[in-house]
Amino acid sequence: MRMATHHFKNVCPRNCYSSCTMISEVENNQLIHISGDTSHPYTKGKLCAKGYTYGEKNHHPSRLKFPYYQEVKGSGKFKQITWEKAFELILCEIMSIHERYENFLPIGLYKYTGNLGVQHFVAEQFFSSIGETTKIVGSPCASAGFEAIQYDMGSAKMSDPSQLKEAKMIILWGSNPAVTNIHLIPFILEAKDKGAKIVVIDPLFTKTAELADMYIQLCPSTDGALSNVLLKRLYESDALDKAFLAQHSFGFDHFYEWIDQMDLQEYLQICGIAESSLELLLTWIIEAGTVAHLIGIGLQRHSNGGQNIRAIQALAAAHGDIGTYAGGIFFGRGDTMKFTNQQETSNRDIDMNKWITQGQPTLEMMWISCRNPLTQDPNPRLIQEHLMKIPFVVTVEQFMTPTAAMSNLVLPTTTHFEEHDIVTNFWHDKIAFNEKALPPYYESRSEWNIMNELAIRLKQFDEELCSFPIYSSEEEYLNKQFNQEIFEHHKIRKCSDLRKKSIPNMKETTAWRDKTFETKTGRYHFYSVEAKKNGFSAIPKFTSGKSPTVEHPFWLLTPHHPYTINSQSFSIDLTDDGEAFVGIHPKVAKMLNIYNGEVVQVYNSQDTLEIKAVYSAQVPEDILLIYQGWYQRSQIIVNRLIPVLETDMGENVSGAKGIAYYDTFVNISKM
Ligand SMILES: Nc1nc2c(c(=O)[nH]1)N[C@H]1C(S)=C(S)[C@@H](COP(=O)(O)OP(=O)(O)OC[C@H]3O[C@@H](n4cnc5c(=O)[nH]c(N)nc54)[C@H](O)[C@@H]3O)O[C@H]1N2
Ligand SMILES: Nc1nc2c(c(=O)[nH]1)N[C@H]1C(S)=C(S)[C@@H](COP(=O)(O)OP(=O)(O)OC[C@H]3O[C@@H](n4cnc5c(=O)[nH]c(N)nc54)[C@H](O)[C@@H]3O)O[C@H]1N2
Ligand code: SF4
Ligand SMILES: [Mo]
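FYI, the numbering for the sequence shown is 135 to 805, going by my numbering.
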């Protein structure tokens with residue numbers, strides 16, 4: 135007899151541009167099929183490889199089934215324990231800290247983007263509800279870019295990305311949507327079909343570059359120089375938007391004084407591009423009239439990354455692209471986390487980069503959730519040393535990651551198929567409700583359930599210690615997170631308003647249409663007093679970044695992988711390269727006598743990796759490529775080569791500067 139099939143609507147909660155909605159078919163509590171949801175206005179029924187293989191991931195034999203405890207971190211001597219025992223251990227630790235310190239400051243929360251669903255901010259809320267605790271803050275993702283945008287426009291707004299299908303020209307700066315933002319590709323191709331020129335600027339010849347009309351292989355971290363010389367040439371060609379400059383901008387003359395004295399040849403040499411490429415680009419921009427600049431997150435992972443973004447933005451502003459339909463800057467939206475539990479919490483904030491380098495202040499307990507720092511953060515060896523010194527480390531996870539393995543207590547948690555949630559989005563800005571489709575896998579619990587149960591027990595012990603509100607269900611908890619701002623933005627007040635379809639931002643579709651900016655003057659700033667106050671150049675001029683050295687002559691770029699997301703989905707073998715590899719230009723490899731497929735050493739003063747070399751026409755001669763992530767099969771942790779080098783900006787939007795992941799320099803040699 136055929137089992138009854140039930141259909142549910144789920145939303146992918148990964149840190150991804152798309153936040154796809156999907157239809158899950160469930161039989162006998164098993165996920166038997168997943169398809170894209172054709173009613174989603176942006177993703178339109180298509181998922182990526184990770185999405186289509188969620189069934190396999192969800193029932194994967196290596197998923198965590200029970201709570202585990204180990205006395206000695208890293209010993210691997212995990213004992214399966216009951217949830218009751220787990221809660222008791224946590225409670226004992228919290229109470230003992232309170233007794234010894236009379237506060238909760240030695241408890242640290244280290245959380246990031248493994249699941250961006252609204253429910254998952256319950257951890258922040260819980261650790262604020264017991265009084266002041268410590269939170270490791272900062273963003274290794276996009277904070278430099280967001281701060282850069284803030285200086286000159288006041289805030290990060292973005293037009294609806296589907297407008298790009300009408301774009302007259304699209305320039306992609308350090309952005310690889312064919313891999314990282316796949317639902318944008320049909321819009322780009324539609325624009326291309328209608329005659330728009332597509333230009334990709336990236337040191338690597340990416341999958342996106344394959345689709346372009348022009349590919350510019352510039353030297354890493356020099357986008358600011360290219361933007362500045364382009365602006366100079368546009369000015370000389372009388373192609374700037376004089377009305378915008380006169381009516382809506384501030385400080386352009388000051389900025390142009392600097393541009394004017396630039397030596398074109400010197401800056402072209404810095405970028406490593408030919409004058410003919412610049413001139414063709416200039417011609418296309420003038421012909422197009424309006425340009426959409428798609429700025430990736432990759433390009434700001436340099437020590438001058440924020441300033442480079444300011445320079446691109448200045449080019450767009452001076453040319454009159456900002457505020458136009460299908461033109462301007464497409465980077466991300468800075469204001470999409472508006473649910474009550476996503477708002478700022480009151481904690482002692484510790485700058486992530488300082489914590490990684492110094493391991494201070496001393497913590498007695500750490501709670502890690504939605505984060506895999508031992509593969510994703512810089513210098514994971516240092517982080518591991520700090521974890522070893524913290525007496526009680528708890529990790530809430532779905533898999534036994536390197537981070538979970540270095541914890542005392544590992545708590546198994548549900549996936550988005552096993553819980554109710556709401557997912558917001560920083561790109562197309564639609565929000566959607568995620569329905570629970572399956573019961574929790576073995577003994578896993580949702581994050582709300584874990585924190586709610588802990589709060590109940592803590593209150594039983596001492597009602598005064600914890601103000602966390604106790605609810606009877608996830609949906610009730612989620613309903614309480616709606617507020618007036620959400621209503622103004624999306625016109626909804628509760629989960630049930632959201633159950634049927636994803637809801638767009640009801641406010642604007644074209645960012646800065648009225649050309650009134652959120653800066654102090656209301657104008658676009660080519661001269662930013664705030665930037666100057668914070669120690670940056672007041673004007674968006676190119677400031678040089680780092681370069682390779684004689685000892686470490688290669689840039690190591692560690693971009694995002696096509697079939698995995700950050701450290702997730704590596705357990706599903708979607709590619710031949712479930713094993714890590716280093717991509718090297720064949721000419722350089724041959725010069726170094728390195729064979730295709732040979733295991734080599736890639737090293738710098740921080741660490742050495744032994745890794746398979748693969749000849750790649752994607753990389754220029756002075757760059758090596760290793761995708762970031764968690765290579766379970768080859769046990770390679772790429773980030774061991776990444777130092778804690780800060781981006782220029784980021785502190786004012788996230789509490790710590792970003793990480794200049796792509797300013798890592800290495801050498802390579804035969805074993
Ligand atoms: N070398 C290098 N390193 C990088 C980058 C790079 O480009 N190069 N990029 C950086 C960027 S942009 C980012 S955003 C960061 C991402 O860094 P992280 O946010 O740490 O990345 P993820 O691997 O997505 O998620 C972390 C963990 O969350 C777990 N997880 C998934 N769902 C849930 C859940 O529902 N609950 C809980 N508790 N856990 C869950 C996953 O199993 C995973 O182990 O990495 C950064 N690291
Ligand atoms: N498949 C997949 N999709 C993802 C993710 C994933 O891990 N896998 N991660 C998600 C997350 S968290 C993020 S932050 C985004 C990242 O999305 P993207 O920003 O598109 O991806 P990255 O791989 O970080 O970098 C994009 C490109 O920047 C280039 N680049 C590096 N330095 C420079 C430079 O100085 N100038 C220029 N012009 N280019 C440069 C790199 O060579 C790379 O091709 O993707 C999201 N989507
Ligand atoms: S990872 Fe991104 S593209 Fe893939 S299913 Fe999730 S939201 Fe969609
Ligand atoms: Mo990211």
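Idealized CB from N, CA, C, for every residue including glycine.
Kindly examine ligand 4 and report whether one of its heavy atoms sits closer than 6 Å to the Cβ of residue i.
i      : result
Cys226 : no
Cys146 : no
Cys275 : yes
Asn149 : yes
For residue i, would you say it is in contact with chain B, using Cβ-to-Cβ distances shorter than 7 Å as the test?
i      : result
His193 : Absence of chain B from the displayed structure is noted, only one protein chain being present.
For ligand 1, is there a heavy atom less than 6 Å away from the beta-carbon of residue i?
i      : result
Val748 : no
Val530 : yes
Pro311 : no
Tyr697 : no
Ile776 : yes
Gln702 : yes
Classify residue i: buried if its beta carbon has 16 or more other beta carbons within 10 angstroms, exposed otherwise.
i      : result
Lys366 : buried
Lys199 : exposed
Glu281 : buried
Ile443 : buried
Pro546 : buried
Asn163 : exposed
Gly817 : A query on residue 817 cannot be resolved here, the shown segment of the chain reaching from 135 to 805 and no further.
Phe604 : Contrary to the premise, residue 604 reads as Ile rather than Phe in this sequence. Result: exposed.
CA-CA distance, residue i and residue j?
i      : j      : result
Val527 : Val800 : 33 Å
Thr692 : Ala751 : 16 Å
Ser293 : Gly329 : 21 Å
Trp646 : Leu415 : 25 Å
Glu809 : Met540 : Because the chain in this structure spans residues 135 to 805, residue 809 falls outside the shown range and cannot be described.
Glu732 : Arg197 : 33 Å
Thr216 : Val544 : 12 Å
Ile393 : Phe676 : 10 Å
Leu368 : Glu391 : 15 Å
Leu379 : Leu449 : 12 Å
Ala723 : Tyr749 : 7 Å
Asp511 : Trp764 : 12 Å
Ala183 : Met229 : 45 Å
Met287 : Met725 : 48 Å
Glu222 : Phe595 : 11 Å
Leu338 : Gly358 : 17 Å
Ser110 : Val716 : One cannot answer for residue 110 here, as it falls past the ends of the chain, which runs 135 to 805.
Pro295 : Lys211 : 49 Å
Indicate whether residue i and residue j have their beta-carbon atoms separated by less than 7 Å.
i      : j      : result
Lys564 : Ser636 : yes
Ile332 : Lys326 : yes
Pro354 : Ile793 : no
Thr177 : Cys154 : yes
Ile728 : Leu758 : no
Lys302 : Thr458 : no
Gly432 : Gly308 : yes
Lys269 : Leu243 : yes
Lys245 : Arg505 : yes
Lys680 : Asp797 : yes
Asn315 : Tyr576 : no
Ile335 : Leu323 : no
Examine ligand 2 and report whether any of its heavy atoms sits within less than 6 Å of the Cβ of residue i.
i      : result
Pro507 : no
Tyr796 : yes
Gly308 : yes
Ile335 : yes
Leu691 : yes
Pro525 : no
Ser678 : no
Give a single yes or no on whether residue i has its beta carbon closer than 6 Å to a heavy atom of ligand 3.
i      : result
Ser152 : yes
Lys181 : The sequence given here places Leu at residue 181; Lys does not occur at that position. Correct: Leu181 has its Cβ closer than 6 Å to ligand 3.
Lys814 : This structure does not reach residue 814, given that the chain is present from 135 up to 805, and the question cannot be answered.
Lys184 : yes
Ordered list of alpha helix (DSSP H) runs contained in the segment 141-198, each at least 4 residues:
Within the segment 141-198, the complete alpha helix (DSSP H) runs of at least 4 residues are 183-186, 188-192.
What residue ranges within the segment 276-340 form continuous alpha helix (DSSP H) runs of no fewer than 4 residues, ordered along the chain?
If we require 4 residues or more, the alpha helix (DSSP H) runs fully inside the segment 276-340 come out as 277-287, 311-314, 319-327.
Go through the segment 536-568 residue by residue and report every complete run of the alpha helix (DSSP H) that reaches 4 residues or more, in order.
Counting only runs of 4 or more, we get 536-539.
At which residue ranges does the segment 486-535 contain complete beta strand (DSSP E) runs of 3 or more residues, listed in the order of the chain?
The segment 486-535 contains these whole beta strand (DSSP E) runs: 499-503, 526-531.
Note down, one range per segment and in chain order, each beta strand (DSSP E) of at least 3 residues found wholly within the segment 742-788.
The qualifying runs are 742-749, 757-759.
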